[in-house]
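Trainee: The opening residue of the sequence shown carries number 6 in the UniProt record's numbering; numbering runs sequentially from there.
Glycine included, every Cβ here is placed at the ideal spot set by N, Cα and C.
Shown below is the structure under consideration.
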Amino acid sequence: GQIVHLADYRPTDFVLERVDLTFELDPTNTKVEARLIFHRREGVDPTAPLVLDGDELTLSGLLLDQNEVPTSQYDVTPEQLTVRDLPAESPFEITITTYINPEANTQLMGLYRTNGIYCTQCEAEGFRRITYFPDRPDVLAPYTVTIIGDKAANPVMLSNGNFLGGAGYDEGRAFAAWFDPHPKPSYLFALVTGDLGVVEDTFTTMSGNEVALKIYVEHGKEPRAAYAMDALKRSMKWDEERFGREYDLNIFQIVAVSDFNMGAMENKGLNVFNDKYVLADPETATDQDYANIEAIIAHEYFHNWTGNRITCRDWFQLCLKEGLTVYRDHEFSADMRSRPVKRIAEVRHLKSEQFPEDAGPLAHPVRPTKYREINNFYTTTVYEKGSEVTRMIATLLGRDMFKKGMDLYFERHDGDAATVEDFVKCFEDASGRDLTQFSLWYHQAGTPLVTASSSYDQSSGTFTLSLEQMVPATPGQSTKDPMHIPLSFALILDNGSLATPEGVTGGEVTEDVLHLTERRQTFTFSGISSRPVLSLNRSFSAPINLHFDQTPADLAHIARHDTDLFARWQALTDLAMPNLMQAARDARDGKDVTCDPALIAALLEAAADETLEPAFRAQALTLPSEADIARELGSNNDPDAIHAGRTAVISAIAEAGEKSFVHLFETMKPEGAYAPDAESAGKRALRNIALSYLTYSEGSPARAAEAFASSDNMTDLAQALTLLAHRFPSSSEATSALASFLTRFDGNPLVIDKWFSIQATIPGADALSRVKSLMENPRFISTNPNRVRSLIGTYAFSNPTGFNRADGEGYRFLAEQILAIDAKNPQLAARILTSMRSWRSLEPQRADHARAALTTIERAANLSTDVRDIVERMLK
Ligand code: HT7
Ligand code: ZN
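Next up, the structure:
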């Protein structure tokens, strides 16, 4: 794998006019015939050859305008086909024949087989594993696809676009033909065939077109696709209402498969999903599963405009479609559910996933300038930070101007392969605002640190806020320029009302947003009659680390009064964090751990406040995770001490609040049959967090065992099982609950994934032997990405004490597993390996073990480019 540089971008020499593909399916020897019509781009050297990408391909036939091409006229390797002496001006047709082996495709890129189904995954560079092709996102063409396959085994034969027709072909075989009129890049191509069940519905678009909606699943699973179908219809309607975007084919199809490297894929008119994000019913899916399905169905559907109609010029522009589409799906979920609760969940996720990436060896800008393996750039920085950057544009411009900018983007670039610069320019042109400095958010990696201090002068009635920003050095970027940081703020007075300053100096303030643009800046607010409490970065208006030494009393004031619920949650977190950090230090030093009564009081007050929605109260009671504490501590981390300290703090809260928790546990049961709506889910969340505290104060598995026995839905069942297994791992209650769960759900792989994950995350050093013995379980299928992630991935990512054993055995185990996974599925291996991205912040003994394990990987023979790229960057 060579390094690809953004600066080297050049358009292709040849323009692709049309693509005509014929597949003759065979499990081990599928014939692919690709007829491609090209013409030379104007001004290109008339002798320039046509160079096409391949990956592990063997050429079996090559025609130019239907005539065989002599071997002297082309060069071919598995990675490249070069054809010379092509017409200077007129269009020509190249016909390429390749044979591929879907059954042997364990990488799950290109055409592969999963449970008897043929399925493709082409983003980012999978199409080149099907045929030689200009496999890059700026080559767009309409596609005609003919599929020929065994009739009995493939009653369903799908590709992109509209169905042209199909019938019997020859003995035992059938064919189907599809035409996609929308020019698309190869990464959006899809083919799916097999024997599948279908759920059907229709949607009438705002201009009256009826669209057939079809979701294909394994036979017998059709009822479990009902929620996905409902989410799809709501997504289609929402995109019309909020962004004016209408669907553009007469059919929209989704296929759920069980072997898939990522969550889902937005192929034009034919989305392919990991079945985890389609299938749900109350008995087998949790509230979180339902929320994920809603969000991912929406995300892939929204790509139809942000990704497909307007695609990326090159893979450096990935955030153009991903960051923007995540922003769109976040907004959709906020409208479908509770906006502040959704924002809290987003920020928790951003801080636990993206902030560590930005602070470690894998840090990169939202719009990178070089990569070795593009698969490794489907990162939380590109997706989630990319979404935050889009959100900040909306904050800077205001809702109406942002809408104008988006409309201009759709109008100006429909059908284009665009860049981040094209996108930003639309907002500049729509608003008249210069976004040059703001664009640093795309180009500078690292999470900015903003340090704030404030003072109030009673005699003059002025409130002064001094801010300083610093963007840390990241790989390849040692110095940084000051960024444009939009900080939403409020000045909260004693009685809880918000102060309205008479004036402000020191910088731009628009409505409730301060614009920090310099390294150091002091804002002075006048006309403030009494000392206010400043609430800063409300709604997490900028993805920054904020150091603002506020007193516990001020934080408690914000937690009680801010009109922004997110800020209230943030204040509770800020109250808890110093306690948790001190608890970790005390536990490490063998001292008694204490918990500030003010923290306990604030948490219990929020928990009991019936004016607040239950989902918010559940979030308020959920303390920062062990990983969050490690991040705040920054260096020399001892995961055992963090765990012990946090456990002691939870126990103190549990003791003090036992009565409240019993009350919440007894009263927060939603009435009637299970429904996945946000309100009922919020009640379950509050009841379950109360149950969790009760396992600490009561010190017995009895209540969780009773909850396990009486639950009538997977949310409560999985939570009770988790509490039994994590809190009382050697109890007979835990053992028998794990056994009965297994027996009850043995035929359902998605639930068995939960069974593996729950056990992989049992804290403590024993986790490793548990994981090893679970790998021996016949249900551990090493070729199924979901199963591998549920056991090995969850152990490495989500079991801080179990994985970070002081003796380094966890790291050595992971190194072995990475090498084994890499041999079959490099993408999966590389992703799981990123679990070690924060290894340098561990205490020295663990860090040494981690380095040694990474070095073992680095030195292994036959490493994939994917894993080599990650391991080398981690060790640099
Ligand atoms: N755009 C999709 C990305 C994706 C992917 C990338 C690399 C390898 C496999 C993959 N499967 C899906 C998903 C999305 O963000 O919508
Ligand atoms: Zn996406």
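Along the chain, where does the alpha helix (DSSP H) that runs through H335 open and close?
Mentor: H335 -> alpha helix (DSSP H) spans L323 to M341.
Trainee: In its own chain, which residues sit with a C-beta less than 6 Å from the C-beta of T510, not counting the 5 before and 5 after it?
Mentor: Contacts found: T529.
Trainee: Threshold first: 4 residues or longer. Then list the alpha helix (DSSP H) segments lying entirely within the stretch 497-566, N to C.
Mentor: As far as the stretch 497-566 is concerned, its whole alpha helix (DSSP H) runs of at least 4 residues are 557-566.
Trainee: Which same chain residues end up closer than 8 Å to A742 when comparing Cβ atoms and leaving out the 5 residues on each side of it in sequence?
Mentor: These residues qualify, in order along the chain: A710, F713, A725, L726, L729 and A730.
Trainee: Got a sec? Which residues, its chain only, sit under 6 Å from D140 by beta carbon, not counting five neighbours each side?
Mentor: Correct list, in chain order: D58, E130, F132, R133 and S191.
Trainee: Would you give the residue range spanned by the beta strand (DSSP E) that C124 belongs to?
Mentor: Per DSSP, C124 belongs to the beta strand (DSSP E) from I122 to Q126.
Trainee: Is it right to say D579 is buried, meaning 16 or more other beta carbons lie within 10 angstroms of its own, or is it exposed?
Mentor: When all chains shown are included, D579 counts as buried.
Trainee: Report back the beta-carbon spacing between N279 and D871 to the nearest angstrom; my notes put them in contact at under 8 Å.
Mentor: Between D871 and N279 the Cβ distance is about 19 Å, and since that is not below 8 Å, they are no contact.
Trainee: Out of Y252, T125 and T87, which one is the CA nearest neighbour of I105?
Mentor: It is T125.
Trainee: DSSP three-state label for R817, please.
Mentor: The answer is helix: DSSP assigns R817 an H, G or I state.
Trainee: Would you list the one or two residues that DSSP bridges to G115?
Mentor: For G115, which the question treats as bridged, DSSP gives the partners Q126.
Trainee: Using C-beta distances below 7 Å, list every residue in its chain close to residue 900, excluding the 5 sequence neighbours before and after it, in chain order.
Mentor: Limits of the chain in this structure are 6 at one end and 881 at the other, which puts residue 900 out of reach.
Trainee: Using only the alpha-carbon positions, how far apart do C127 and F494 sit?
Mentor: Going from the Cα of C127 to the Cα of F494 covers about 44 Å.
Trainee: Quick one: using the 10 Å Cβ neighbour count with 16 as the cut-off for buried, is R15 buried or exposed?
Mentor: R15 is exposed by the Cβ-count criterion.
Trainee: Distance, Cα to Cα, V876 vs L819?
Mentor: Taking the straight line from one Cα to the other gives about 13 Å.
Trainee: Mind the definition here: the stretch 192-208 touches the stretch 274-292 only if three or more C-beta pairs lie below 8 Å; say whether that holds.
Mentor: Cβ pair count under 8 Å is three or more, so yes.
Trainee: Is it buried or exposed for D633, if we count other Cβ within 10 angstroms and need 16 for buried?
Mentor: The residue is buried, with at least 16 neighbouring Cβ atoms inside 10 Å.
Trainee: What are the boundary residues of the beta strand (DSSP E) that S471 is part of?
Mentor: That run of the beta strand (DSSP E) goes T467 to M475.
Trainee: Decide if the stretch 633-653 is in contact with the stretch 581-595; the criterion is three or more beta carbon pairs, one per stretch, under 8 Å apart.
Mentor: As far as the Cβ criterion goes, the stretch 633-653 touches the stretch 581-595, which means the pair count is three or higher.
Trainee: Taking only runs of the beta strand (DSSP E) that begin and end inside the stretch 158-224, which ones reach a length of at least 3 residues, in chain order?
Mentor: Fully enclosed beta strand (DSSP E) runs of 3 or longer: 161-164, 167-173, 178-189, 196-199, 202-209 and 215-222.
Trainee: Would the beta-carbon of A129 be found less than 7 Å away from any heavy atom of the ligand HT7?
Mentor: Result yes, Cβ under 7 Å from the ligand HT7.
Trainee: At 4 residues or longer, what runs of the alpha helix (DSSP H) sit wholly inside the stretch 220-298?
Mentor: Counting whole runs of 4 or more residues, the stretch 220-298 contains the alpha helix (DSSP H) stretches 231-248.
Trainee: Around the C-beta of D643, are 16 or more other C-beta atoms found within 10 angstroms, so that it is buried, or is it exposed?
Mentor: D643 is buried by the Cβ-count criterion.
Trainee: Quick one: what's got a C-beta closer than 7 Å to D717's C-beta in the same chain, skipping five residues either side?
Mentor: These residues qualify, in order along the chain: Y679.
Trainee: Could you check what DSSP says for R404 in three-state terms: helix, strand or coil?
Mentor: Three-state result, R404: helix.
Trainee: Compute the minimum distance between the beta carbon of A269 and the heavy atoms of the ligand HT7, and state whether it is under 7 Å.
Mentor: Yes, the ligand HT7 has a heavy atom inside 7 Å of this Cβ.
Trainee: Under 8 Å, do S65 and T33 count as touching if we go by C-beta distance?
Mentor: No. Outside cutoff.
Trainee: Comparing alpha-carbon positions, which option in K281, P366, D244 and I786 lies nearest E336?
Mentor: Of K281, P366, D244 and I786, the residue nearest in Cα terms is D244.
Trainee: CB-CB under 8 Å to K881, same chain, minus the five flanking residues each way: which ones, in chain order?
Mentor: The residues are P366 and P480.
Trainee: Below 6 Å CB to CB, which residues in the same chain sit around F802 once its five sequence neighbours on both sides are set aside?
Mentor: Closer than 6 Å at the Cβ level, and outside the excluded window around F802, lie S840.
Trainee: Leaving aside the five residues before and after F670 along the sequence, list all residues of the same chain whose C-beta is less than 7 Å from its C-beta, in chain order.
Mentor: R692, A695, L696 and L699.
Trainee: Would you identify the three-state DSSP class for R45, choosing helix, strand or coil?
Mentor: It is a strand residue.
Trainee: Contact defined as beta carbons within less than 8 Å: I believe M341 pairs with R239. What is the distance between those atoms, to the nearest angstrom?
Mentor: The Cβ separation is near 7 Å, so the contact holds.
Trainee: Would you list the residues sitting across from K375 in a DSSP beta bridge?
Mentor: Paired residues: H10.
Trainee: Contact check, N165 vs D143 under 8 Å by CB: the rounded distance?
Mentor: With 8 Å as the limit, N165 and D143 do not qualify as a contact, their Cβ atoms being about 18 Å apart.
Trainee: With respect to the beta strand (DSSP E) encompassing A146, which residues constitute its N-terminal and C-terminal limits?
Mentor: Its beta strand (DSSP E) spans residues A146 to D155.
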